[in-house]
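K.L.:
Just passing along the structure, written as C-alpha cells.
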Amino acid sequence: MNRIYTLILIGFLFVTCKPSQANLKAVQGKQIAVTDSLESNQMVIDYIAPYKKRIDDEMNAVLAYAPQSLSKSDGPYNTAIGNMMADTVLEYGDPVFFKKTGKHIDGVVLNHGGIRSVLRAGDVTMGSAYEIMPFENSIVVVEITSGDVRAMFEYLKTGKAHPISNMQLILNSENELASATLNGKAIEDGKTYFIATNDYLQQGGDGMVFFTNPKSTTILDYKMRSILIDHFTKQDTIAPIRDNRFIKE
Amino acid sequence: MERRKFLMQTGAATALLSTTPSFNLFAETRSTKKITILHTNDVHSHIEPFPVEDPSFSNQGGVARRLTLIQNIRNENPHTLLLDAGDIFQGTPYFNFYGGELEFKLMSMMGYDAATIGNHDFDNGVGGLAAQMPNAKFKLLSANYDFTNTIMEGLTKPYDIFIKDGIKIGVFGLGIQLDGLVTESLSKETKYLNPLEIAQDTTRVLKEEHKCDLIISLSHLGYDYKYDKISDRKLASQTKNIDLIIGGHTHTFLPKPEILKNIEGKDVLVNQVGWAGVNLGRIDFEFDMDGKKSNSATLIRV
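If you read the sequences in order, they're chains R and U.
Take the first sequence: its position 71, counting from 1, is numbered 71 in UniProt numbering, and each next residue is one higher.
Take the second sequence: its position 125, counting from 1, is numbered 125 in UniProt numbering, and each next residue is one higher.
See below:
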C-alpha cells in the first residue's frame, strides 16, 4: 500500500515539476588567499593534533646542518641539490648492488621533477628528507645497451638539469653533444651498462623510455628518501656543489 | 542566440554598475538566485600552513584557516558548492604516515561536495585509494577512468547533480592520461578514456536528459601545454555546454578565471588556483528566474 502511494507521489512530482527556467545573468570570479588573517578553526586544530604530534616527534629530529639553501632551480644543467641526490644513490646504492650481483653501477640518472622541495638553510631534519622526496620510490639498477645509453644522453641533453652521477655531458654552442662519457669513458658498441634510477623512471615515467626494456633489472629495496636520510645522518654539514658534470661550452 | 558581454576589469564593471542603475545585476530581488562555487586543486596533503621560513609560500594555506573562510562564505550564501580538482594526496608526511586518511576526513569535515582524481591520488595504488574511501563523505567523480576489474570499481561516479536553491548543477570529473605518470603497478587495470569524447557525451546527458542549469567540469587534465596534449584550454574550446572548468595538475596560479569561447562561440570559464591550499577559488553565478530569456548580456566580472 505504501509503495503505491510512493509511486503516485513520484508520478505527481514528475507532472508538476516544470523544466527549470533559470537564465544565467551574471558571473563573478576571484581567488582568495588563505593567510593568517583568517582565524584557524579550533575544531580542525584539535582534530589534527594527535596526527601531528606523532609526525612532529619524528620529523623534527635534527640530522645535519646546511649552510646555504639548495634549490633545483640553481643552475640550467646541473645543480648542487641534484648532484647530491645522484651522488648519494651511487655512494649508498653501489655497495648494495655489488653485494647482490658482484657488479658495479656505471652511472645514475634521476629526474629534475623528482626534487619536490628546496633544502632550506639551517637545521636539516628528518622532515627535510620527506619534503625533498615525499614519494616512496625505490632505486633500481637497469642493465641497458649502448644504444639505450646513447638515447639516454640524447634525452638528457634537452633536459632541465636532471640529476646525474658518474657521467659527463658537454654541449656545444648548437646545444648538441660535443662529448658524453660514462664512468670516464666513451660508450662502446655492443657493451651493456648498469644505470641506477628509480622505479618510476624505470617504468617510463617522464618519457625515459630507454629504461623500459632493460637486459636485466635489479631492485635494491632501498628508497630514495632512505638514502637521503642515511646521508644526512652520516654527514654533519650538507654543502654539495654545482660542478662540470653537465655543462655548455 | 544569447549575446554575452565581458568586462575584463572589475574597475570598469564597478564604474558601469554605479552609473547605470538598470545595469545593477547584483541587486537582491526575488527573481534572482545566486550559486557560489568554491574550489581547490593540488592540495597535496598540505594540511598545515607552510612554515614561516618557506621561501615561496611563507605561512600561507592550512586547512583550519580554509574552513573559516568557507564558513564565512557559506554564512553569506548558503547555496554554495565546494569542489576539489584532484591530487589531494602526496606532498607532506601526513600522506606518508597515514595514507590520505586525514586528507579525506578533513575534506569531509569541511563539507566538500565532490572531488576528481589526480595522478598522485594513485600513489598508494588503486588499493590505497579504495582503502580511504570510507573516510570520504564527498563524491569522487571521474567520467574517463574506467575502474572495471579494479578494487575502485563502483566507488566513483562519472558525474553528480547537485540542486542548490532549485538550480540544477551538473558536475563531472576528468582525469589525466596515466601513461608516463602513473605506473601500471599502481593503476592496475584502470583504463584512461579520451577526455574530449567523454566530455561531449557527459555534457549532453547533463544538458539534455537532466536539464542542468549549470555544468562544471572538474578536471585534472592541466591548464595548457606547449605540445599536443589535451588541456583545460583545449577542452573549453573543443566542447559545448560546459560553463566552468575547474582545473588542476599544472599548479597554475591564474590571477583571475580565463574566459574562452567554446565550439559554439559561447563562453567557458577556466580557473585554477595554484596548489597546496594557498588559495580558494570563488565563482558566483547569478540566475534570472522570471522564465523568459533575457535580452541583456550576461555580465562576467573577473
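A virtual CB, placed ideally from N, CA and C, is assigned to each residue, including glycine.
Computed from a prediction, not measured in an experiment: that's the story for all the values here.
1) Which same chain residues end up closer than 7 angstroms to residue 213(R) when comparing Cβ atoms and leaving out the 5 residues on each side of it in sequence?
2) So which of 45(U), 288(U), 226(U) has the shortest CA-CA distance to residue 32(U)?
3) Is it buried or exposed for residue 153(R), if we count other Cβ within 10 angstroms and need 16 for buried?
4) In the DSSP assignment, the beta strand (DSSP E) including residue 286(U) goes from what residue to what residue?
5) Nearest to residue 146(U) by alpha carbon, out of 137(U), 133(U), 223(U), 189(U)?
6) Rounded to the nearest angstrom, what separates residue 175(R) and residue 157(R) at their Cα positions?
7) By Cβ distance below 8 angstroms, which residues in the same chain neighbour residue 103(R) in space, the five residues on each side in sequence not counted?
8) Within the 8 angstroms Cβ cut-off, does residue 111(R) reach chain U?
9) With a CB to CB cut of under 7 angstroms and the five nearest residues on each side skipped, what residues in its chain are close to residue 45(U)?
10) Looking at the structure shown, is residue 57(R) part of a helix, part of a strand, or coil, going by DSSP?
11) Would you report the Cα separation of residue 41(U) and residue 71(U), rounded to the nearest angstrom?
12) Per DSSP, residue 191(R) is paired with what?
13) Which stretch, first to last residue, makes up the alpha helix (DSSP H) that contains residue 132(U)?
14) Going along the chain, which residues of the segment 211–245 of chain R sit with their C-beta nearer than 9 angstroms to a C-beta in chain U?
15) Would you say residue 133(R) and residue 228(R) are within 8 angstroms of each other, going by their C-beta atoms?
16) Whose Cβ in chain U lies nearer than 9 angstroms to the Cβ of residue 128(R)?
17) Check whether the Cβ atoms of residue 126(U) and residue 150(U) lie closer than 8 angstroms to each other.
18) By Cβ distance, which residues of its chain are closer than 6 angstroms to residue 84(R), with the 5 residues on each side in sequence left out?
19) With a threshold of 8 angstroms between beta-carbons, can residue 82(U) be considered close to chain R, or not?
20) Mind the definition here: the segment 193–202 of chain U touches the segment 246–253 of chain U only if three or more C-beta pairs lie below 8 angstroms; say whether that holds.
21) Excluding the 5 residues flanking residue 59(U) on each side, which residues of the same chain have their C-beta closer than 6 angstroms to its C-beta?
22) In chain R, which residues lie with their C-beta within 7 angstroms of the C-beta of residue 63(U)?
23) Cα-Cα, which of 65(U), 73(U), 224(U), 276(U) is closest to residue 37(U)?
24) Using beta carbons (cut-off 8 angstroms, strictly below), is residue 159(R) in contact with chain U?
25) Using the rule of at least 16 other Cβ atoms within 10 Å of the residue's Cβ for burial, across every protein chain shown, is residue 284(U) buried or exposed?
26) Identify which residue in 190(R), 217(R), 52(R) has its Cα closest to the Cα of residue 199(R).
27) Compare the C-beta of residue 206(R) with all C-beta atoms of chain U and state if any pair is closer than 8 angstroms.
28) Going by C-alpha to C-alpha distance, which of 290(U), 218(U), 62(U) sits closest to residue 139(U)?
29) From residue 149(R) to residue 186(R), what distance separates their C-alpha atoms?
30) Based on the DSSP secondary-structure assignment, which residues constitute the bridge partners of residue 245(U)?
31) What did DSSP end up calling residue 251(U) once you bin it into helix, strand or coil?
32) Is it buried or exposed for residue 87(U), if we count other Cβ within 10 angstroms and need 16 for buried?
33) Between the alpha carbons of residue 112(U) and residue 90(R), how many angstroms are there, rounded?
34) If you reduce the DSSP assignment to three classes, tell me which class residue 198(R) lands in.
35) Here's a check: name, in chain order, each residue in its chain whose Cβ is nearer than 6 angstroms to the Cβ of residue 70(R), leaving out the five neighbours to either side.
36) Could you pull out every residue in the same chain whose Cβ sits closer than 8 angstroms to the Cβ of residue 245(R), ignoring the five residues on either side in sequence?
P.N.:
Quick answer:
1) By one-based count along the first sequence, residue 213(R) stands at place 213. Once the five neighbours on either side are set aside, residue 213(R) has no close Cβ partner at all.
2) Here residue 32(U) corresponds to residue number 32 of the second sequence, with the count starting at 1. Considering only alpha carbons, the answer is 288(U).
3) Position 153 of the first sequence holds residue 153(R). It is buried - the Cβ of residue 153(R) has at least 16 other Cβ atoms within 10 Å.
4) Here residue 286(U) refers to the residue found at position 286 when the second sequence is read from its first residue. First-last of the beta strand (DSSP E) with residue 286(U): 279–288.
5) As a working mapping, residue 146(U) is identified with position 146 in the second sequence. Among 137(U), 133(U), 223(U), 189(U), the Cα nearest to that of residue 146(U) is on 189(U).
6) Numbered from 1 along the first sequence, position 175 holds the residue referred to as residue 175(R). Numbered from 1 along the first sequence, position 157 holds the residue referred to as residue 157(R). Between residue 175(R) and residue 157(R), the C-alpha separation is close to 8 angstroms.
7) Working through the first sequence from its first residue, we reach residue 103(R) at position 103. Around residue 103(R): 97, 194.
8) The residue given as residue 111(R) occupies position 111 in the first sequence. So, not an interface residue.
9) In the second sequence, counting from the first residue as 1, residue 45(U) sits at position 45. Closer than 7 angstroms at Cβ, skipping near neighbours: 89, 90, 91, 92, 94, 95, 103.
10) As a first step, residue 57(R) must be located in the first sequence, where it is residue number 57. The answer is helix: DSSP assigns residue 57(R) an H, G or I state.
11) Position 41 of the second sequence holds residue 41(U). Position 71 of the second sequence holds residue 71(U). Distance between the alpha carbons of residue 41(U) and residue 71(U): 19 angstroms.
12) Counting from 1 along the first sequence, the entry for residue 191(R) is found at position 191. Residue 191(R) pairs with nothing; no bridge assigned.
13) Here residue 132(U) corresponds to residue number 132 of the second sequence, with the count starting at 1. First-last of the alpha helix (DSSP H) with residue 132(U): 125–132.
14) 225
15) Taking the first residue of the first sequence as position 1, residue 133(R) is located at position 133. Taking the first residue of the first sequence as position 1, residue 228(R) is located at position 228. A contact, by the Cβ cut-off of 8 angstroms.
16) Taking the first sequence and counting its residues from 1, one reaches residue 128(R) at position 128. None at all; the shortest Cβ gap to chain U is about 11 angstroms.
17) Numbered from its first residue, the second sequence carries residue 126(U) at position 126. Numbered from its first residue, the second sequence carries residue 150(U) at position 150. Closer than 8 angstroms, so yes.
18) The count along the first sequence starts at 1 and reaches residue 84(R) at position 84. The residues are 240.
19) By 1-based counting over the second sequence, the position of residue 82(U) is 82. So, not an interface residue.
20) no
21) Within the second sequence, the letter at position 59 stands for residue 59(U). Once the five neighbours on either side are set aside, the close Cβ partners of residue 59(U) are 49, 52.
22) In the second sequence, the residue the question calls residue 63(U) occupies position 63. Correct list: 44.
23) Within the second sequence, numbered from 1, the residue matching residue 37(U) stands at position 37. Minimum Cα distance to residue 37(U) is reached at 73(U).
24) For the purposes of this step, residue 159(R) is identified with residue 159 of the first sequence, where counting begins at 1. By this cut-off, residue 159(R) is not an interface position.
25) The residue you call residue 284(U) lines up with position 284 of the second sequence. Residue 284(U) should be labelled buried.
26) The sequence position of residue 199(R) within the first sequence is 199, counting from 1. Comparing Cα-Cα distances from residue 199(R) to each of 190(R), 217(R), 52(R), the minimum goes to 217(R).
27) Counted from its first residue, the first sequence places residue 206(R) at position 206. So, interface residue.
28) Counting from one through the second sequence, the residue named residue 139(U) turns up at place 139. Minimum Cα distance to residue 139(U) is reached at 218(U).
29) Against the first sequence, residue 149(R) aligns to sequence position 149. Against the first sequence, residue 186(R) aligns to sequence position 186. Going by the C-alpha atoms only, they are around 11 angstroms apart.
30) Along the second sequence, one-based indexing puts residue 245(U) at 245. Looking at the DSSP assignment, residue 245(U) forms a beta bridge with 217(U), 270(U).
31) Your numbering for residue 251(U) matches position 251 in the second sequence. Coil.
32) Residue 87(U) sits at position 87 when you count from the first residue of the second sequence. The residue in question, residue 87(U), is buried, as its Cβ has 16 or more Cβ neighbours within 10 Å.
33) Numbered from 1 along the second sequence, position 112 holds the residue referred to as residue 112(U). Numbered from 1 along the first sequence, position 90 holds the residue referred to as residue 90(R). The straight-line gap from Cα to Cα measures roughly 45 angstroms.
34) Position 198 of the first sequence, counting from 1, holds the residue named residue 198(R). Three-state DSSP puts residue 198(R) in a strand.
35) Taking the first sequence and counting its residues from 1, the one referred to as residue 70(R) is at position 70. Counting only Cβ-Cβ distances below 6 angstroms, and skipping sequence neighbours, we find 80, 81, 119.
36) Residue mapping note: residue 245(R) aligns to position 245 of the first sequence, counting from 1. Counting only Cβ-Cβ distances below 8 angstroms, and skipping sequence neighbours, we find 78, 83, 164, 165, 167, 168, 169.
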